[in-house]
Amino acid sequence: MDFQKFFKEHFFKKFKTLFIKQPKYLLDIKYYPEYLSFNEFDSRKEQILSSLLLDFSDRKYFPQALHPVLIPKPDGSLRLICIPSIQDRLVQQIILEYIREKYPEKYKLATDYDFSSKKEEGGAIKARCVALGFRNQYSHVLKTDISAFFDNLDRKIIKKNIDIQIGIKEIDFILEKIINIDIKLPPPHSIESKEFEFLKSKKGKGIRQGMPMSSFFASLYLYDFDNFMNIKNIKYVRYADDLIVFCSSYKQAKQNLLLIKDELIKIKLTVPDLEERTKTKIVKNQSIDFLGLEFRYTGKYFRSFIPNSTFEKVSTKLLAYDSLNKNIKRQKNFPDVIQDINYITNGYKAAFSDACNTSELDKEISEIKTKVFSKLMSSIDIDINTLSARQKKFFFSL
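Everything in the sequence shown is counted per the numbering used here, starting at 2 for the first residue and increasing by one.
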């Protein structure tokens with residue numbers, strides 16, 4: 002089956018899946034006049050499909066500029082996440098599925114060592130489970146991450162790896178266009194000068210995070226590095242730019258760090274030096290965080306725990322819904338609040354289902370939900386404590 006036929010067969014199904022995942026308030030939002038909202042896209046999807054197929058046939062497809070979202074980091078720096086148009090999101094999702102289904106050996110070659118490319122298979126949970134197994138076998142851990150990973154990816158190296166390792170002629174021109182896509186710069190007066198200069202500095206280099214294919218490109222970029230690590234029989238787990246390496250001694254951990262740095266330099270990447278206050282550290286029996294969980298020694302084994310910081314985040318997110326006036330200002334009615342709270346709580350429960358203290362998270366969530374709903378009900382003179390257990394369960398899932 003050629004790509005265009007595959008695309009046509011999967012287009013409507015993929016869009017439907019994407020559409021039903023969107024909260025109602027997002028269905029009419031679009032970031033630029035040339036973008037379509039979800040509702041607009043839905044009303045024109047047959048026409049859009051025909052236009053895309055023609056562009057593929059003529060090799061004239063060109064993705065739309067990405068919408069930048071800046072997220073402040075704890076250290077005061079900025080992280081750039083990009084939102085593609087609905088059309089381009091679908092194109093990338095279908096390309097990934099096409100490679101996975103029709104060229105499984107190529108897909109595996111590109112993603113085999115990167116758990117972030119296995120999100121549909123519970124990538125983070127799998128990564129933590131494998132890492133925890135190694136943690137109980139080795140005395141020392143080297144933890145680091147690749148500095149400014151996505152921003153420093155060399156587009157020429159990505160294209161070279163695509164040609165050598167993927168080499169699918171009917172989609173090669175699409176992949177090249179996606180690699181080169183950049184953000185649409187906002188007017189200078191609309192944001193702070195620091196933010197504008199930051200966005201301007203990202204144009205023309207790296208791969209933008211937020212695209213469906215970002216992880217695929219990044220994983221393929223590290224193909225030679227992953228092969229090197231396995232040839233050297235270094236026990237490690239990689240999730241995108243996060244690396245956790247398991248060693249038999251402090252000396253071996255330092256040696257592995259040097260090997261990693263030397264290998265990454267070949268592809269214009271690096272990791273922080275082993276110094277205080279960097280993301281590179283070597284530990285023996287101390288607790289260490291990995292992908293949101295804390296590997297903590299319990300006397301006999303290391304086990305994974307949801308850290309206190311996560312409990313605080315859950316509490317902050319849920320308590321943001323305890324004010325009637327604030328919810329009204331955000332144009333949220335009571336069903337919207339219920340939906341948002343369920344979305345948040347279900348997300349955390351699913352993300353950390355492999356932790357050994359999930360019952361504590363369940364208890365914390367239940368207590369905070371009771372606080373939120375009690376305060377909302379009191380604003381309309383209803384005492385939640387007067388409701389029966391069945392009523393609480395029916396109305397609030399308590």
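Backbone N, C-alpha and C define an ideal beta-carbon position, used for all residues, glycine too.
Cβ-based burial, residue i [other Cβ within 10 Å; buried from 16]
| i | result |
| --- | --- |
| C248 | buried |
| L270 | buried |
| Q166 | exposed |
| Q287 | exposed |
| H141 | buried |
| P105 | exposed |
| K14 | exposed |
| Q88 | buried |
| I147 | buried |
| C357 | exposed |
| D242 | buried |
| P24 | exposed |
| F57 | buried |
| P75 | exposed |
| I21 | exposed |
| F226 | buried |
| K370 | buried |
| L27 | exposed |
| Y224 | buried |
| L292 | buried |
Local conformation of residue i per DSSP, three classes
| i | result |
| --- | --- |
| I192 | coil |
| R297 | strand |
| V238 | strand |
| V315 | helix |
| R304 | strand |
| I179 | helix |
| I184 | strand |
| I261 | helix |
| I289 | strand |
| T18 | helix |
| K233 | coil |
| E171 | helix |
| S86 | coil |
| T271 | coil |
| T279 | coil |
| K25 | helix |
| R209 | coil |
| K204 | coil |
| I100 | helix |
Beta-ladder partner(s) of residue i, from DSSP
| i | result |
| --- | --- |
| T145 | L244 |
| L81 | L71 |
| D227 | Answer by DSSP bridge pairing: none, since D227 is not bridged. |
| V284 | V142 |
Reference residue i; option with closest CA among the options
| i | options | result |
| --- | --- | --- |
| A219 | L275, N162, Q88 and K144 | N162 |
| E171 | K6, Y237 and P64 | K6 |
| R156 | R136, I169, E177 and D173 | E177 |
| G187 | L244, F396 and Y32 | First, the amino acid is wrong: residue 187 is Pro here, not Gly. Comparing Cα positions, the closest option is Y32. |
| S86 | H68, I21, K364 and E102 | H68 |
| R80 | N334, V70 and K9 | V70 |
| L154 | K206, A390, I329 and A356 | K206 |
| Y222 | Y114, S44 and I366 | Y114 |
| S375 | D341, K364 and L320 | L320 |
| E35 | A66, E196, D56 and S215 | A66 |
| A352 | V338, K195 and S305 | S305 |
| D363 | F312, S194 and D56 | F312 |
| I268 | T299, K327, E193 and I159 | I159 |
| V92 | F116, S78, I72 and F63 | F63 |
| L143 | I366, K285, K318 and R331 | K285 |
| L200 | K330, I72 and E361 | I72 |
| G77 | K195, G168 and G348 | K195 |
| E276 | F296, T145 and K318 | T145 |
| I95 | I339, T346 and K9 | K9 |
| K185 | I175, K204 and G168 | K204 |
| S117 | G168, I82, S215 and S52 | S215 |
| F150 | R136, F174, L133 and I208 | I208 |
Chain B contact for residue i (CB, 8 Å cutoff)
| i | result |
| --- | --- |
| S52 | Of the chains in the structure shown, none is chain B; there is only one protein chain. |
So within the region 106-166, which uninterrupted beta strand (DSSP E) runs reach at least 3 residues, ignoring any that extend past its ends? Counting whole runs of 3 or more residues, the region 106-166 contains the beta strand (DSSP E) stretches 141-146.
Which full runs of the alpha helix (DSSP H) of 4+ residues lie inside the region 320-378, going along the chain? Those alpha helix (DSSP H) runs which fall completely within the region 320-378 and span 4+ residues are 325-330 and 335-352.
Entirely within the region 32-66 and at least 3 residues each: give me those beta strand (DSSP E) ranges in chain order. Complete beta strand (DSSP E) runs here, min 3: none at all.
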